[in-house]
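Here the structure comes first, spelled out in structure tokens, and everything after it is commentary.
In full-length UniProt numbering, the protein residues as written are 1 to 201.
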């Protein structure tokens, strides 16, 4: 998707103390990495928690240039370790808008036409519900959805990341369950019991 565009990677949640040129803000902390070139980001990830990385140029994040960045600390240093039995990589939950058009096409149609800025649907970990009718076979295809496996009687830590680029509030809940929020934006907080989580940009 990059074609002739340059790119930079921003490490959301990392303060980059002593590493200002690794922050990935184009034309401020570094020049864009040109196509067919390489650049190695080297920094100390000293802000523990759930973060994410993403392209900081144009609509590249909307087109898939993003991912999870987990900075873990030893169990004995975790102030919330007593609230969960498992903290699994398979329980990282990344949400993003999903369109049939590129991020730039969506942006332009919203800002220069009458199109809205709401997503067609959402992806969770790259999977999402999208109903597509195939006129050649006269069948409707359904794409797979993300699944998270848990076992009754245990407490699981889910790390939820909103990578969305459109102005779309997202609500996450688990039927008939209370959730305990122990961190937000990569920062530990006093635990709060909730029935749902709401994310906004």
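We treat Cβ as the ideally placed atom computed from N, Cα and C, and that holds for glycine.
{"Asked": "Based on the DSSP output, what are the partners of residue 172 in its beta bridges?", "Found": "197"}
{"Asked": "Relative to the C-alpha of residue 111, which residue among 182, 166 and 87 is closest?", "Found": "166"}
{"Asked": "So, helix, strand or coil for residue 88, using DSSP?", "Found": "coil"}
{"Asked": "Counting only the same chain and skipping the five closest in sequence on each side, list residues whose C-beta sits under 6 Å from that of residue 53.", "Found": "9, 11, 67 and 69"}
{"Asked": "Just checking, does the segment 68-84 make contact with the segment 97-107 on the three C-beta pairs under 8 Å criterion?", "Found": "no"}
{"Asked": "Can at least three beta-carbon pairs, one atom from the segment 157-174 and one from the segment 23-40, be found at a separation below 8 Å?", "Found": "no"}
{"Asked": "If you compare alpha carbons, which of 49, 55 and 56 is closest to residue 92?", "Found": "49"}
{"Asked": "In the DSSP assignment, what are the bridge partners of residue 17?", "Found": "Looking at the DSSP assignment, residue 17 forms no beta bridge with any residue, so it has no partner."}
{"Asked": "According to DSSP, is residue 82 helix, strand or coil?", "Found": "helix"}
{"Asked": "Is the beta carbon of residue 51 less than 7 Å from the beta carbon of residue 164?", "Found": "no"}
{"Asked": "Determine the closest residue to residue 85 out of 183, 4 and 150, with distance taken between C-alpha atoms.", "Found": "150"}
{"Asked": "Quick one: Cα of residue 199 to Cα of residue 137, how far?", "Found": "39 Å"}
{"Asked": "Tell me the start and end of each unbroken beta strand (DSSP E) in the UniProt domain \"Plastocyanin-like\" (91-198) that is at least 3 residues and wholly inside, in chain order.", "Found": "92-98, 121-124, 131-134, 139-142, 159-162, 170-172, 179-184 and 187-194"}
{"Asked": "Identify which residue in 33, 26 and 18 has its Cα closest to the Cα of residue 6.", "Found": "33"}
{"Asked": "Look at the Cβ atom of residue 43, then the Cβ atom of residue 60, and state whether they are nearer than 7 Å.", "Found": "no"}
{"Asked": "Using beta-carbon positions only, say whether residue 182 and residue 83 come within less than 7 Å of one another.", "Found": "yes"}
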